[in-house]
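In this note's numbering, the protein residues as written are 409 to 644.
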């Protein structure tokens, strides 16, 4: 299927989901007994927590609210799987040796591939691009948050375009904030990945790369709505 890319400018205020408590749970790894009736989301954080303690605020973007982000995803009915990575983790090796086995374990326990989403922010978004090529499963869902580098931060993205883009497949939501100077559009990956079905949305929050440092409904609700639509079998 030829890759599609739809870009929509989005407004600042989006109505949040009303559930005050977790609808899903947070796990550090695949549960011993996964529930095939639930939707699992593997969340990959950005690079900042790899180089500084999680409690240290970024000088520009502020505190990365890792626990709040996980709670926000779980509140939207996801079974969230996530862990803090070690310092200077090799993204390709981590994708291959850590995340691919998690995807495989979920599928082996009976979770349908269309009920598995891998979502990553910044460096985690780089991994999402690589994983869409490594997994070789058109039924998986991927969410890339500010993971396609721009300007002086394009090096990793250019490497992915050269080595992985033509092998990408599955469904992908790309999100980035219009004021972001670190990351931007993933349209080049969409054009090269002819088996990748991509939807891209541009947020207008005004916080740049820091948009994804906190559990904002502007992006959490978009992910929840997109995953629900992407996971619903299409009637012929």
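We put the CB at the ideal spot given by N, CA and C, even for glycine.
Requested in this report: Determine the DSSP secondary structure at residue 613, reduced to helix, strand or coil.
Outcome: coil
Query raised in the report: What runs of the beta strand (DSSP E), each 3 residues or longer, lie entirely inside the segment 439-496?
Result: 447-452, 486-489
Requested in this report: Let me know the secondary structure DSSP gives residue 591 once reduced to three states.
Outcome: strand
Report task. Report yes if the CB atom of residue 524 is closer than 8 Å to the CB atom of residue 558, and no otherwise. Result -> no
Query - Span separating the alpha-carbon of residue 581 from that of residue 608 - result: 6 Å
Query raised in the report: What's the gap between the Cα of residue 632 and the Cα of residue 484?
Result: 6 Å
Query raised in the report: What do you get for residue 498, buried or exposed, if any count of 16 or more other CB atoms within 10 angstroms of its CB means buried?
Result: exposed
Query raised in the report: Does the beta-carbon of residue 459 have 16 or more other beta-carbons within 10 angstroms, so that it is buried, or is it exposed?
Result: exposed
Requested in this report: Would you kindly work out how many angstroms separate the C-alpha atoms of residue 572 and residue 617, rounded to a whole number?
Outcome: 24 Å
Query raised in the report: Assuming residue 488 contacts residue 454 under a Cβ cut-off of 8 Å, what Cβ separation, rounded to an integer in Å, is found between them?
Result: Not confirmed; about 16 Å, so no contact.
Query raised in the report: Whose C-beta lies closer than 8 Å to the C-beta of residue 588 among residues of the same chain, with five residues either side of it excluded?
Result: 554, 558, 616, 617, 619
Query - Residue nearest to residue 603 in terms of C-alpha spacing, selected from 480, 445, 545 - result: 545
Report task. Measure the Cβ-Cβ separation of residue 539 and residue 486 and say whether it is below 8 Å. Result -> no
Report task. Check whether the Cβ atoms of residue 534 and residue 564 lie closer than 8 Å to each other. Result -> yes
Query - Opposing strand residues paired with residue 539 [DSSP bridges] - result: None, per the DSSP bridge assignment.
Query raised in the report: To the nearest angstrom, how far is it from the Cα of residue 416 to the Cα of residue 462?
Result: Reliability of the predicted coordinates at residue 416 is poor, the pLDDT of 38 falling under 50, and the value obtained from them is presented with this limitation in mind. Cα to Cα, the separation comes out at about 33 Å.
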